[in-house]
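Peer 1: Structure provided below as structure tokens; questions to follow.
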Amino acid sequence: MSSNPGQISPLRPVTRHITGHNDAGRAVIHSTTPGNWQSFEESAMAFNVVYTSQFPADLNNEADIKQHEQVEQKGQLGLVNPGGTVCRIVDFAPNNHAVVHRTQSLDYGVVLEGEIEMILEDSEPVIMKRGDVAVQRATMHGWRNPSETEWARLLFVLQDCQKLSVGGKELGEDLGVATGVLAPSGN
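The working numbering applies: residue 1085 is where the sequence shown begins, and numbers increase by one.
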């Protein structure tokens, strides 16, 4: 098991390095912190929110850092940051139960470790391998680690999007079985 507090998977711990500028305008490290993990589905998956930002980001006077710290302190972040972005790492236990859901967002999902099965409503599941990228466009979807023994890790960047209508029907966030477990995004 990991020695990183809160991390449930045996995968390598994650460290976040935030950069900034000194008074002379030169690049420096602002802060370095270990991942902050939150367990879900009886430890079948864990979320680590790396960073949040409004879009476009305001980097002046560390406004983005202050905004991110406020989001963390409130503890009410849904899957999507309304009017902004979220960078999140998710670890999936072997043979986890897929939580099928829809976010009102445009997401990039990158497989960092292991393999993951992307499940959609009317398509055959797709096995994604390390380095593969999903561009998830506000669809009902789920993620399942098909391995019986190995953990999988994905990096997600979610960005709020305009309301989506298909066939005259507005499609919004749908947390599925995670309703009441995950905070709604409110976008």
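Ideal placement from N, C-alpha and C gives every residue a C-beta, glycine not left out.
Beta strand (DSSP E) containing residue 1149: first to last residue?
Peer 2: Per DSSP, residue 1149 belongs to no beta strand (DSSP E); it is in the alpha helix (DSSP H), 1147–1158.
Peer 1: Are the beta-carbon atoms belonging to residue 1193 and residue 1238 less than 8 Å from one another?
Peer 2: Yes, Cβ-Cβ distance for residue 1193 and residue 1238 is below 8 Å.
Peer 1: In or out: residue 1085 buried (at least 16 other Cβ within 10 Å) or exposed?
Peer 2: Low confidence applies here, because residue 1085 scores a pLDDT of 36, under 50, leaving its location unreliable and the question unanswered by this model.
Peer 1: In the structure shown, what three-state DSSP assignment does residue 1130 receive?
Peer 2: In the structure shown, residue 1130 sits in a strand (DSSP, three-state: E or B).
Peer 1: Can you tell me whether residue 1113 is buried or exposed, with buried defined as 16 or more other CB within 10 angstroms of its CB?
Peer 2: The residue is exposed, with fewer than 16 neighbouring Cβ atoms inside 10 Å.
Peer 1: Helix, strand or coil: how does DSSP classify residue 1111 here?
Peer 2: Strand.
Peer 1: If you reduce the DSSP assignment to three classes, tell me which class residue 1195 lands in.
Peer 2: If DSSP states are grouped into helix, strand and coil, residue 1195 belongs with the strands.
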